[in-house]
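**Student:** What follows is a structure written as structure tokens; I'll ask about it next.
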Amino acid sequence: MVEVGAYIPLGQRGVWSDVKPIAQDDGPNPIVPIMYSEEYRDAMDYFRAIAASGEKSERALELTETIIRLNPAHYTVWQYRMSTLLELKKDLEEELQLMNEFAVENLKSYQVWHHRLLLLTHISPQDPSSEIDYIHQALLPDPKNYHTWAYLHWLYSHFSTLGRVTDKQWKYEQRWCEEMLRVDGRNNSAWGWRWFLRVARPGAAASQADGVKEELNYTLEAIHLIPHNISAWNYLRGLLKHLKLPLTPLLPAILPYTARPSAQIPEVPSTFEFPLPSDPLPNDTPLPVPLALEYLGDSLIEQNQTIEAGEVFGELSMEYDRMRTGYWEFRRRECVEE
Amino acid sequence: MASSSSVVPKLNIPLHVKYIQNLDKKQDLAYHLTSHLRLNGIYWGLTALCIMGQHSALDREGVIEYTISCWDEEAGTFGPHPGHDGHILATLSAIQIMVIEDALDRVDIERVTKFLHSLINPDGAVSGDQWGESDTRFSYILLQSLALLGKLDTLSPETRENITQNIKGCMNFDGGFGTTPGAESHSGQVWVCTAALSILDREDLIDKDLLGAWLSERQLPNGGLNGRPEKLEDVCYSWWCAASLSIIGRLHWIDRDKLIAFILGAQDLEDGGIADRPGDWVDVFHTVFGVAGLSLLGYPGLQDIDPVYCMPAGLIASLGLRKPYITLPRLSSYPPPS
Numbered sequence: 020m021v022e023v024g025a026y027i028p029l030g031q032r033g034v035w036s037d038v039k040p041i042a043q044d045d046g047p048n049p050i051v052p053i054m055y056s057e058e059y060r061d062a063m064d065y066f067r068a069i070a071a072s073g074e075k076s077e078r079a080l081e082l083t084e085t086i087i088r089l090n091p092a093h094y095t096v097w098q099y100r101m102s103t104l105l106e107l108k109k110d111l112e113e114e115l116q117l118m119n120e121f122a123v124e125n126l127k128s129y130q131v132w133h134h135r136l137l138l139l140t141h142i143s144p145q146d147p148s149s150e151i152d153y154i155h156q157a158l159l160p161d162p163k164n165y166h167t168w169a170y171l172h173w174l175y176s177h178f179s180t181l182g183r184v185t186d187k188q189w190k191y192e193q194r195w196c197e198e199m200l201r202v203d204g205r206n207n208s209a210w211g212w213r214w215f216l217r218v219a220r221p222g223a224a225a226s227q228a229d230g231v232k233e234e235l236n237y238t239l240e241a242i243h244l245i246p247h248n249i250s251a252w253n254y255l256r257g258l259l260k261h262l263k264l265p266l267t268p269l270l271p272a273i274l275p276y277t278a279r280p281s282a283q284i285p286e287v288p289s290t291f292e293f294p295l296p297s298d299p300l301p302n303d304t305p306l307p308v309p310l311a312l313e314y315l316g317d318s319l320i321e322q323n324q325t326i327e328a329g330e331v332f333g334e335l336s337m338e339y340d341r342m343r344t345g346y347w348e349f350r351r352r353e354c355v356e357e
Numbered sequence: 217m218a219s220s221s222s223v224v225p226k227l228n229i230p231l232h233v234k235y236i237q238n239l240d241k242k243q244d245l246a247y248h249l250t251s252h253l254r255l256n257g258i259y260w261g262l263t264a265l266c267i268m269g270q271h272s273a274l275d276r277e278g279v280i281e282y283t284i285s286c287w288d289e290e291a292g293t294f295g296p297h298p299g300h301d302g303h304i305l306a307t308l309s310a311i312q313i314m315v316i317e318d319a320l321d322r323v324d325i326e327r328v329t330k331f332l333h334s335l336i337n338p339d340g341a342v343s344g345d346q347w348g349e350s351d352t353r354f355s356y357i358l359l360q361s362l363a364l365l366g367k368l369d370t371l372s373p374e375t376r377e378n379i380t381q382n383i384k385g386c387m388n389f390d391g392g393f394g395t396t397p398g399a400e401s402h403s404g405q406v407w408v409c410t411a412a413l414s415i416l417d418r419e420d421l422i423d424k425d426l427l428g429a430w431l432s433e434r435q436l437p438n439g440g441l442n443g444r445p446e447k448l449e450d451v452c453y454s455w456w457c458a459a460s461l462s463i464i465g466r467l468h469w470i471d472r473d474k475l476i477a478f479i480l481g482a483q484d485l486e487d488g489g490i491a492d493r494p495g496d497w498v499d500v501f502h503t504v505f506g507v508a509g510l511s512l513l514g515y516p517g518l519q520d521i522d523p524v525y526c527m528p529a530g531l532i533a534s535l536g537l538r539k540p541y542i543t544l545p546r547l548s549s550y551p552p553p554s
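These protein sequence lines are chains X and B, in that order. Residue numbering for the first sequence follows my numbering, beginning at 20 and increasing consecutively. Residue numbering for the second sequence follows my numbering, beginning at 217 and increasing consecutively.
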């Protein structure tokens, strides 16, 4: 009679009766001896035995699942599982479903993602959209997960190289990315993804003239929604630099954020064609916005007004962004030494 | 629990030394689940002790014997624990430990070099193992491992260039670096990429002003540093960010005193160790990176740490491996007299 819930050692289960388990060797005089739970220790003892004999069987597969459920980071066991799956010619779509379960049960590690990547490489679907949809879903409760975003990037890179990503899919992905940013404009991962979709990937829209204006508009609108959004400012500065565009033409959209006692904000020229800040500014927008002052300083340098630029950096150093005094002093001194 | 008091405590070196010495006496379940990190853990503990001037607090012969017992004869390199497959992550930790303990003569350098070379892909990316997951962490590990073994010159000029270009391909529009081309900039990846480029003598490829500005922006009002915009501060970024800034010569672009206060506030002043932020549980990972960050910032009573290798600076210099970097002057007392 077995007590309900008690762990039954593998050695007492008929299916393992022919295997002699190999116990953990912690090396001579272990500096860091390890206390194992009975279940984990038992499973690992049998894993060592089958790994030593190279057994690739159903029970081996089950054993690897037991172990990785207890320890999702054990890469040796993941690798053994993968080679067993391939050896047994198992249905890899089913394995993908299992990985979906793992995710729901919050079993996370580099290895879960890499295993998924290998599965998709082997399955090699003609249409990757169901996997893309799955990743989109996975990002909902965890919208900044670095591994998930890197995996999404790999998915698109890998399958577009195989010619399996349609124009429609790219457009859909852009809309999805914009929705992520609508939900949280400060999601830096989503901004990085937009860069790939709109600027960096082969055939990206922002490499054409129309695409450039659209991109600048989008970024400025984002800043106007959340004036202190570091990601949006970094994106704007990155765009201008990448496309080799000057800062000064956009200045009227930036100046309202530089409002401070020492400066008068000029009128916006009637010919200005880019989105302007809302009037009034969004609630709790502390002024001035340091990133806007940096933009102003760099624009002044562009216009050869280095003395005025130095003064702006001086204000940032002394007053408006004192945490980064070291950086602003560097910028100020550069202007003075010009 | 780490202290979250508003009075900044001093660094309690004797307590942290005892914490590290007692790591192997833990009896909890979580400990065995991290056997895949065991060798890394010893490197972290040993390095922290070196920074605190207590190198001999761990028994040298014991450390060496354990490291040697992690040798994987089939792979021709080290695994993280006896019986685990050889892996690049364990390889670097093993080499670092053996160099610190002056026992490199007990390592089969030729075989390890061969293993390292086997991980280099034709496009210059570096894999973690034969299953191919590539990541700029591995590029850095490969380069540091070869450098410490005195085998950097076994890289052909073509391979060296491929590795260099692959790392450069991971540079983003904000000046930072990710795990793979196009992946989001992240402080941890910034460190491995800047350190790798430094070892390659190609730090000229880094936009130091842009990256320095991005890194200085990681500092939050509470003085701690984060890994990317809009994420939480964490003591380990005191190392990833500060070491990066040190390598690119811009460590003075963050607020030294605020960061020191943040790290000191994350100490557990009862049982020793440092946590990821004040109030959380400690671990050896955050302990080493906390004291390493303090060392770079000039906190008194600590030994110099090399930001490229995260190893004792004197040792690296004596091996002729030192690359250019700056650190803040070593203070004689803290807080400094006003």
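Every residue gets a Cβ at the ideal spot worked out from N, C-alpha and C, and that includes glycine.
Within a Cβ cutoff of 6 Å, which residues of the same chain sit near ALA223 (chain X), ignoring the five residues on either side of it in sequence?
**Tutor:** Closer than 6 Å at Cβ, skipping near neighbours: ARG217.
**Student:** Following the continuous alpha helix (DSSP H) through CYS386 (chain B), name the residue where it begins and the one where it ends.
**Tutor:** Run containing CYS386 (chain B): none; DSSP gives neither H nor E here.
**Student:** Can you name, in chain order, every residue of its own chain whose Cβ lies under 7 Å from the Cβ of ILE422 (chain B), other than the five neighbours on each side?
**Tutor:** Here the set comprises THR410, LEU413 and ILE464.
**Student:** Check whether the Cβ atoms of ARG350 (chain X) and PHE332 (chain X) lie closer than 8 Å to each other.
**Tutor:** For ARG350 (chain X) and PHE332 (chain X), yes; Cβs fall inside 8 Å.
**Student:** To which residues does DSSP link THR293 (chain B) through a beta bridge?
**Tutor:** Partner(s): B:ASP288.
**Student:** Report yes or no: is there a C-beta of chain X within less than 8 Å of the C-beta of ILE313 (chain B)?
**Tutor:** False, the Cβ-Cβ gap to chain X never drops below 8 Å.
**Student:** Under a CB-based cut-off of 8 Å, is THR396 (chain B) close to chain X?
**Tutor:** True, the Cβ-Cβ gap to chain X drops below 8 Å.
**Student:** Would GLY439 (chain B) and LYS474 (chain B) be called neighbours here (beta carbons separated by less than 8 Å)?
**Tutor:** The answer is yes: Cβ separation under 8 Å.
**Student:** Using a Cβ-Cβ cut-off of 7 Å (strictly less than) and excluding sequence neighbours within five positions of LYS39 (chain X), which residues of its own chain qualify?
**Tutor:** Answer for LYS39 (chain X): ALA68, listed in chain order.
**Student:** Pull up the DSSP beta-bridge partners for ILE490 (chain B), would you.
**Tutor:** Answer by DSSP bridge pairing, in chain order: B:GLN483 and B:ASP499.
**Student:** Tell me whether the beta-carbon of ARG376 (chain B) lies closer than 8 Å to the beta-carbon of LEU320 (chain B).
**Tutor:** No, they are not a contact pair.
**Student:** The alpha helix (DSSP H) with ARG343 (chain X) in it runs from where to where?
**Tutor:** Premise fails: ARG343 (chain X) is in no alpha helix (DSSP H) and is neither H nor E.
**Student:** Using 10 angstroms around the beta-carbon of ILE326 (chain X), count the other beta-carbons present and answer buried if the total reaches 16, otherwise exposed.
**Tutor:** ILE326 (chain X) is exposed by the Cβ-count criterion.
**Student:** Using the DSSP secondary-structure output, state which residues sit across from SER343 (chain B) in a beta bridge.
**Tutor:** Per DSSP, B:SER350.
**Student:** If you run the structure through DSSP and keep just helix, strand and coil, what is ALA251 (chain X)?
**Tutor:** Helix at ALA251 (chain X).
**Student:** So is GLU400 (chain B) in contact with chain X if we call contact Cβ pairs under 8 Å?
**Tutor:** Cβ-Cβ to chain X under 8 Å: yes for GLU400 (chain B).
**Student:** If contact is defined by three or more beta carbon pairs under 8 Å, each pair taking one atom from either stretch, is the segment 259 to 276 of chain X in contact with the segment 312 to 331 of chain X?
**Tutor:** Because the criterion of three Cβ pairs below 8 Å is met, the segment 312 to 331 of chain X and the segment 259 to 276 of chain X touch.
**Student:** Does the separation of the CB atoms of TYR170 (chain X) and TRP132 (chain X) fall below 8 Å?
**Tutor:** Yes; because the gap between Cβ atoms is below 8 Å, this pair is in contact.
**Student:** State yes or no: is the beta carbon of ASN388 (chain B) nearer than 8 Å to at least one beta carbon in chain X?
**Tutor:** Yes - at least one Cβ of chain X is within 8 Å of the one on ASN388 (chain B).
**Student:** Whole angstroms is fine: what's the gap from ALA273 (chain B)'s alpha carbon to SER334 (chain B)'s?
**Tutor:** ALA273 (chain B) and SER334 (chain B): Cα-Cα distance of roughly 36 Å.
**Student:** Nearest to ILE304 (chain B) by CA position, among B:GLN360, B:ILE470 and B:ASP450, is which residue?
**Tutor:** Comparing Cα-Cα distances from ILE304 (chain B) to each of B:GLN360, B:ILE470 and B:ASP450, the minimum goes to B:GLN360.
**Student:** For a quick check, are the C-beta atoms of CYS452 (chain B) and HIS402 (chain B) less than 8 Å apart?
**Tutor:** Contact: no.
**Student:** Would you call the segment 289 to 299 of chain X in contact with the segment 248 to 264 of chain X, where contact means no fewer than 3 C-beta pairs closer than 8 Å?
**Tutor:** Judged by Cβ distances under 8 Å, the segment 289 to 299 of chain X makes no contact with the segment 248 to 264 of chain X, as fewer than three pairs qualify.
**Student:** Quick check on GLY495 (chain B) - is its C-beta less than 8 Å from some C-beta in chain X?
**Tutor:** No, its Cβ sits nowhere closer than 8 Å to a Cβ of chain X.
**Student:** Count the other CB atoms within 10 Å of the CB of GLY536 (chain B); is the residue buried (16 or more) or exposed (fewer)?
**Tutor:** With fewer than 16 other Cβ atoms within 10 Å, it is exposed.
**Student:** So is ARG213 (chain X) in contact with chain B if we call contact Cβ pairs under 8 Å?
**Tutor:** No - not a single Cβ of chain B is within 8 Å of the one on ARG213 (chain X).
**Student:** Count the other C-beta atoms from every protein chain shown that fall within 10 angstroms of the C-beta of TRP497 (chain B), then say buried if there are 16 or more, exposed otherwise.
**Tutor:** Classification for TRP497 (chain B): exposed.
**Student:** Could you name the residues of the same chain whose beta carbon sits closer than 6 Å to that of TRP189 (chain X), not counting the 5 residues immediately before and after it, in chain order?
**Tutor:** The answer is none, since no qualifying residue turns up.
**Student:** Show which residues of chain B have a CB atom less than 8 Å away from the CB atom of HIS172 (chain X).
**Tutor:** Within chain B, the residues near HIS172 (chain X) are THR396, GLY398 and ALA399.
**Student:** Is the beta carbon of TRP456 (chain B) closer than 8 Å to that of GLY506 (chain B)?
**Tutor:** Not in contact: GLY506 (chain B) and TRP456 (chain B) (Cβ atoms no closer than 8 Å).
**Student:** Would you kindly check if the distance between the Cβ of ARG493 (chain B) and the Cβ of GLY514 (chain B) is under 8 Å?
**Tutor:** Against a cut-off of 8 Å, the Cβ pair of ARG493 (chain B) and GLY514 (chain B) comes out as no contact.
**Student:** Determine the burial state of THR180 (chain X): buried for a count of at least 16 other Cβ atoms within 10 Å of its Cβ, exposed for fewer.
**Tutor:** Exposed is the call here.
**Student:** Who are the near neighbours of PRO47 (chain X) in its chain, counting only those whose CB is closer than 8 Å to its CB and skipping five residues on each side?
**Tutor:** The predicted position of PRO47 (chain X) is uncertain, since its pLDDT is 48 and thus under 50; a value taken from the coordinates is nonetheless stated next. Counting only Cβ-Cβ distances below 8 Å, and skipping sequence neighbours, we find nothing.
**Student:** Quick one: is TYR94 (chain X) near chain B, going by C-beta distance under 8 Å?
**Tutor:** Judged by the 8 Å Cβ criterion, TYR94 (chain X) is in contact with chain B.
**Student:** Is there a C-beta anywhere in chain B that falls below 8 Å from the one on TYR346 (chain X)?
**Tutor:** Chain B, which has a Cβ nearer than 8 Å to the Cβ of TYR346 (chain X), makes this yes.
**Student:** Which chain X residues are close to PRO552 (chain B), counting only those with a beta carbon under 9 Å from its beta carbon?
**Tutor:** Neighbours of PRO552 (chain B) on chain X: none; closest Cβ ~16 Å, over 9 Å.
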